[in-house]
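Here is the structure we will look at, set down as structure tokens.
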Amino acid sequence: MKQQKAPQPPDDAHARHLSLALGDMDLIVQRGCTQIAAIVDLSLAWLEHPEGHQRIETVAQALEAIRSSASALAHAVSEEARPLDCASTDQPAQRRRNAAQTATLRFAQAFASLGTAPPG
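With the UniProt record's numbering applied, the sequence shown closes on residue 120, and no number is skipped along the way.
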């Protein structure tokens, strides 16, 4: 039976680079999550008052800010991880995006075959 070699530990420079990147990612995530939590807290407090329900656009803007912050957070972490070959892919999300693209293409093709333009 052939004995496998143990993987070599990273050299000191690589380990330092990984450590710095991890520290940067931690800072990015902590800041982003703190911002998202603050927006959620303010939105929930706003909805505890009748006027909050009369100005629902304010809540909608808060939700858009949450989405934007979460997207920026994910992008920033991915940009830090990619050069280190540590980026991951959310496979279910990728399948959903692929399915949405396929559905949109089929929808457009169906309308094209009818000689009409899709609505919108």
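Built from N, CA and C at the ideal position, the CB exists for glycine as well.
Between residue i and the ligand SAM, is the CB less than 7 Å from at least one heavy atom?
i: Q94; result: Of ligands this structure carries none, so the ligand SAM is not represented either.
Can you give the Cα-Cα distance for residue i and residue j, rounded to whole angstroms?
i: E64; j: Q109; result: 32 Å
i: V59; j: D41; result: 11 Å
i: T102; j: S113; result: 16 Å
i: A100; j: G115; result: 23 Å
i: T104; j: N98; result: 10 Å
i: Q91; j: H53; result: 38 Å
i: E79; j: P50; result: 42 Å
i: L44; j: I66; result: 13 Å
Please tell me whether residue i and residue j are closer than 8 Å, where the distance is taken between their beta carbons.
i: S69; j: G23; result: no
i: A93; j: A87; result: no
i: A62; j: I39; result: yes
Which of the three DSSP states is assigned to residue i in this structure?
i: S113; result: helix
i: T58; result: helix
i: H49; result: coil
i: D26; result: helix
i: T34; result: helix
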